Structures are given as structure tokens and as C-alpha cells.
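Enquirer: Start counting the sequence shown at 218; every next residue gets the next number (the working numbering). Note that CB positions come from ideal geometry on N, CA and C, so glycine has one too. All values derive from a computational prediction rather than experimental measurement. Just dropping this structure here.
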Amino acid sequence: MMVCALETFKLLESHRENPNALSGIHPELYRCLTDRKFLVPDETDETAELIASIEKSETSDTHFSITINPTMDCNLACWYCYEDHLHDSRMPIEVLNGIRNMLRNICDNGKTRSLSLGFFGGEPLLEFKSRVVPIILEARTLCGEKQIVLNLDFTSNAVLLTRDKADFLHDTGLPVRFQIPFDGGREMHDTVKKMKNGRPTYDLTLDNLKYAVEQGIRVTVRCNYTNQSVASFHGLLDDLLPFFEKHKDSMTFSLHQVWQDERNCEETNDAVRSLEKRINAIVHADPSGVLNDVRCYADRRNAFVVNYNGDLYQCTARKFAPEDREGVLHEDGTIEHNERYRTRMASRFSNPECMECAIYPICKTCTQKRLEREQGHCLWSAEKEQYIEDVVRSRIAELYRLAAVRTAKS
């Protein structure tokens with residue numbers, strides 16, 4: 218997208234059918250259009266260039282992103298959670314050894330420059346001392362020996378993020394980020410996230426979050442809203458506003474509608490905009506992702522999930538069902554992929570209809586959706602024109618939204 222003066226726009230419009238003529242009329246404008254690829258020579262195969270760029274990025278051994286589920290058990294029971302929680306599902310020592318050996322293999326390959334280590338589940342802090350800590354210490358030692366940048370990431374309800382755990386993570390000297398979910402203000406949150414004995418969690422989670430941030434841990438506050446709960450998040454902002462003003466550089470917000478909730482409610486959309494306006498006046502709110510051209514992590518060969526039992530998956534947004542696994546981690550650290558994984562990787566560039574589409578580079582349809590639905594045609598064939606229009610309009614709207622945020626802060 219290019220913003221230009223009215224005179225420039227009129228010039229472009231008058232040469233829509235013969236843009237090459239601009240090279241003699243306005244060389245500077247023509248050079249800008251070609252350099253930024255608004256104008257592309259007919260002989261250029263943009264699809265081939267895009268695929269080559271994606272392949273180079275997604276097969277690179279310079280960066281690995283590994284998510285580990287130490288357990289599939291959880292201390293809470295949120296009604297919208299898509300995972301099947303397994304009581305006493307503890308990672309066997311054989312899988313722990315496999316992770317250690319896998320990390321050693323990655324660090325010894327001579328190419329790795331950075332490693333992102335995530336902990337998911339289930340609730341990963343249930344196995345903090347027995348599984349998370351040994352993995353972190355092993356990774357820190359291996360990465361330190363090879364001068365590999367190591368980052369830690371947790372997806373946790375933070376009920377168990379006690380001071381001793383936050384202190385340990387601080388003392389590792391590593392960059393650490395937590396994604397901590399809230400379901401609204403105090404009353405609304407405590408109807409969703411409560412302990413098995415009925416004890417509420419809102420105040421405990423807030424206290425743990427604040428202490429963690431004070432120890433240098435970065436936090437993304439994930440607001441899981443519904444049409445019913447969205448207005449209550451103003452209560453969360455009220456409770457955290459003074460703290461946020463002191464820790465703006467360590468906090469972000471990310472708003473997500475619960476996946477079972479009814480979409481496209483205008484009243485809800487207005488409420489979300491109201492929240493975003495308040496958030497952006499205090500701290501940074503994560504962009505919606507509309508402008509993010511990075512492809513889904515599940516499409517990358519060196520990004521994967523190790524389940525507590527050694528099963529391998531690509532996507533964290535689905536159940537970790539045995540029939541959906543895409544490989545297995547052996548105790549010696551080697552990885553054995555299966556046919557499902559090979560099918561996923563092949564599906565990235567196997568749909569001619571997609572590769573001929575005008576919005577192929579910015580389409581967010583990932584391989585997970587291709588696996589779950591028919592692969593022979595565009596997944597949006599029934600409403601393709603509307604889908605393309607929605608994608609383009611969303612990007613333009615996001616550009617205006619970000620411009621408004623920057624203007625308000627300047």
C-alpha cells in the first residue's frame with residue numbers, strides 16, 4: 218500500500234493502462250514503483266520467487282522454535298479450553314533424556330544461531346521443578362557453549378507462578394516471556410478460572426504477574442473475551458493501570474475472542490475498540506496480526522511441539538490426540554516423522570489455485586486447515602471474492618488503526 222498526494226494519484230490513474238510511460242514523465246515515481254514492486258516485469262515469476270523465499274526461511278537451520286508440554290494436566294478447567302486434560306500425565310525420564318539429546322544435536326549442528334524454548338500444556342508450571350528446570354539448565358549450558366541465543370516462553374495461567382519460580386527465571390539471565398490469560402474483570406474472571414476447591418484466582422494471578430514483571434519477565438496479557446464478558450475487561454484495566462504506567466516496556470495486551478463465541482457482533486466490536494483505545498493510551502497493544510506476513514509456525518520444519526509422551530506435533534491450537542501426531546522423539550534425540558507430517562509439508566505449495574491467487578503472499582490459510590479440509594482447491598472457494606475483499610480491507614483498516622495509534626502517542 219502506498220500513500221500519495223492527489224496529484225500523484227491522478228497521474229497514476231491516467232497511466233493505468235501504460236504505466237511504463239511514467240519512466241519518462243516522472244522517473245522518480247517510476248523508480249519507486251519498480252523498486253517496491255508495485256510494477257513488475259511480465260517475465261518475472263513472482264510465485265516462484267515467493268516460494269523460494271519461503272523455502273529458504275522455513276528450512277533454515279539457523280533458528281529453532283521448540284515447544285514442550287511437560288504435562289497435559291491442569292490446575293484449572295476453563296470451559297472453552299480445547300485440550301483434553303490428563304491427570305498425572307507426567308513426562309517420563311526417557312522423553313526428558315530425548316529432549317536433552319535433541320537439544321545437544323541442535324546446538325552441535327554448527328548452524329544454529331538462536332533457539333526459542335516454549336513451555337505449554339496443560340499447565341507447564343505443574344512440572345516446573347521436575348521437568349522445566351532441568352530442560353532450561355541443559356539448554357542454557359548447551360547454548361552458552363556454542364554462543365547460541367536462547368529465549369524462554371511460557372503459556373501459563375500463572376496461578377502457580379510463585380515468587381521462587383519467578384526468582385529462578387530471573388536468575389537464569391535469559392530473556393523470559395509469559396502469556397497470561399484473563400477472562401475479564403475480577404467477578405467475570407473468577408467464574409471461569411477457579412481452583413478445584415472453588416477458590417478464585419483473579420487476585421492471585423495479578424499478584425504473581427506483577428512480581429514476575431518486577432523481576433524482569435515480560436508479560437503478554439491475553440484477554441479471552443466473549444460477547445458477554447468483553448465489557449468487564451475495563452475492570453482489569455482499572456486494576457492494572459497504575460502498574461502498567463511504571464512497566465510499559467515489559468507489558469503487552471493481546472485481545473482474542475473465544476473460539477466458540479458468536480462472531481461479528483457490532484456491539485462487541487465497539488467494545489473491543491474501546492478497550493484498544495484505553496490500552497494504547499497506556500501501553501503497547503499487540504497488532505492484530507493482519508499486517509504480519511510471517512507464515513504460520515506450524516509450516517516451519519524447525520518449529521514443532523514435543524508432547525509429554527514424546528509424540529511430535531506442529532500445531533498448538535489443536536488437541537494433542539495420538540492419531541494426529543506427526544512423529545516421535547526417540548531417547549537418543551533423533552526425530553522420526555510420519556506420513557502426516559510429510560503430507561503437511563507437501564501441502565504448502567501443492568495447490569495451483571492458491572499459487573495463482575492475487576493475495577497468495579498474504580493469505581493466512583495454514584497447512585493445519587489444509588489437513589483438516591479438502592486440499593484440491595481453495596479453502597474459500599465458495600466465498601472467494603468476499604474473502605479476498607475482506608483480507609484487503611482488513612489490511613487497509615489495520616494500517617489506518619496503527620496510524621491513529623501513532624498519531625495519538627506523538
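Report the rounded CA-to-CA distance for Arg-357 versus Leu-367, giving the unit in angstroms.
Expert: Distance between the alpha carbons of Arg-357 and Leu-367: 7 Å.
Enquirer: How many angstroms separate the CA atom of Gly-390 from the CA atom of Phe-226?
Expert: Computed Cα separation, rounded: 52 Å.
Enquirer: Using alpha carbons as the reference points, say which of Tyr-419, Asp-487 and Ser-491 lies closest to Leu-457.
Expert: Nearest of Tyr-419, Asp-487 and Ser-491 to Leu-457, Cα basis: Tyr-419.
Enquirer: Give the straight-line distance between the Cα atoms of Thr-264 and Lys-346, rounded to the nearest whole angstrom.
Expert: Their backbone Cα atoms lie some 48 Å apart in a straight line.
Enquirer: Since Phe-450 is in the alpha helix (DSSP H), which residue starts that stretch and which ends it?
Expert: Element bounds for Phe-450: 450-463.
Enquirer: Whose C-beta lies closer than 6 Å to the C-beta of Asp-549 among residues of the same chain, with five residues either side of it excluded?
Expert: Result list for Asp-549: Asn-318, in chain order.
Enquirer: Below 8 Å CB to CB, which residues in the same chain sit around Glu-423 once its five sequence neighbours on both sides are set aside?
Expert: The sequence shown places Leu at residue 423, not Glu. Contacts found: Asp-456 and Leu-457.
Enquirer: Checking 8 Å against the spacing of the C-beta atoms, do Ile-285 and Ile-242 come in under that value?
Expert: Against a cut-off of 8 Å, the Cβ pair of Ile-242 and Ile-285 comes out as no contact.
Enquirer: Among Glu-570, Tyr-530, Phe-566 and Pro-569, which has the Cα closest to the Cα of Glu-553?
Expert: It is Tyr-530.
Enquirer: Closer than 8 Å is the cut-off here; do at least three beta carbon pairs connect the segment 378-392 with the segment 430-441?
Expert: Judged by Cβ distances under 8 Å, the segment 378-392 makes contact with the segment 430-441, as three or more pairs qualify.
Enquirer: Any idea which residues DSSP pairs Lys-363 with across the strands?
Expert: DSSP, once it has assigned bridges, lists no residue as partnering Lys-363.
Enquirer: In the DSSP output, what is Pro-398 paired with across the bridge?
Expert: Answer by DSSP bridge pairing, in chain order: Arg-439.
Enquirer: Is Phe-385 helix, strand or coil by DSSP?
Expert: Here Phe-385 sits in helix by DSSP.
Enquirer: Are the CB atoms of Asn-481 and Asp-278 nearer to each other than 8 Å?
Expert: No, they are not a contact pair.
Enquirer: Using the Cβ count rule (16 or more neighbours within 10 Å means buried), how would you classify Pro-341?
Expert: Flag for Pro-341 reads buried.
Enquirer: Among the residues of its own chain, which have a CB less than 6 Å from the CB of Thr-170, if the five just before and after it don't count?
Expert: In the structure as shown, the chain begins at 218 and stops at 627. Residue 170 is therefore absent and cannot be evaluated.
Enquirer: Where Glu-615 and Val-609 are concerned, what is the direct C-alpha to C-alpha distance, given to the nearest angstrom?
Expert: Glu-615 and Val-609: Cα-Cα distance of roughly 10 Å.
Enquirer: What are the partner residues of Phe-566, as DSSP defines its beta bridges?
Expert: Paired residue(s): none; Phe-566 is not in a bridge.
Enquirer: Determine the direct distance from the alpha carbon of His-387 to that of Val-393, and round the result to whole angstroms.
Expert: Their Cα atoms are separated by approximately 8 Å.
Enquirer: Given a cut-off of 8 Å, decide if Val-409 and Val-447 are closer than it, judged by their beta-carbon atoms.
Expert: Contact: no.
Enquirer: If you draw a straight line from the C-alpha of Gly-452 to the C-alpha of Arg-403, how long is it?
Expert: Approximately 7 Å between the Cα atoms of the pair.
Enquirer: Step through the CB atoms of chain C and report whether any lies within less than 8 Å of the CB of Trp-476.
Expert: No chain C appears in this structure, which consists of one protein chain only.
Enquirer: Restricting to Cα atoms, I'd like to know which of Phe-336, Cys-580, Phe-450 and His-302 is closest to Tyr-604.
Expert: Per the Cα distances, Cys-580.
Enquirer: Run the CB neighbour count on Met-219, radius 10 Å, all protein chains shown included, and call it buried at 16 or more, exposed below.
Expert: Under this definition Met-219 is an exposed residue.
Enquirer: If you run the structure through DSSP and keep just helix, strand and coil, what is Met-219?
Expert: Three-state DSSP puts Met-219 in coil, outside helix and strand.
Enquirer: Quick one: give me the first and last residue of the beta strand (DSSP E) that Leu-472 is part of.
Expert: It spans 468-474 - the beta strand (DSSP E) in which Leu-472 sits, taken as one unbroken run.
Enquirer: With DSSP collapsed to three states, give me the class of Asp-541.
Expert: Asp-541 falls in the helix class under three-state DSSP.
Enquirer: Does the Cβ of Val-436 have 16 or more other Cβ atoms within 10 Å, making it buried, or fewer, making it exposed?
Expert: Val-436 is buried by the Cβ-count criterion.
Enquirer: Starting from Gly-335, follow its DSSP beta bridges and name the residues at the other end.
Expert: Its beta-bridge partners are Thr-284 and Asp-370.
Enquirer: So the alpha helix (DSSP H) Tyr-419 belongs to, where does it begin and stop?
Expert: Tyr-419 -> alpha helix (DSSP H) spans 419-431.
Enquirer: Put Tyr-530 into one of helix, strand or coil per three-state DSSP.
Expert: Strand.
Enquirer: Can you tell me whether DSSP reads Lys-581 as helix, strand or coil?
Expert: Correct three-state label for Lys-581: coil.
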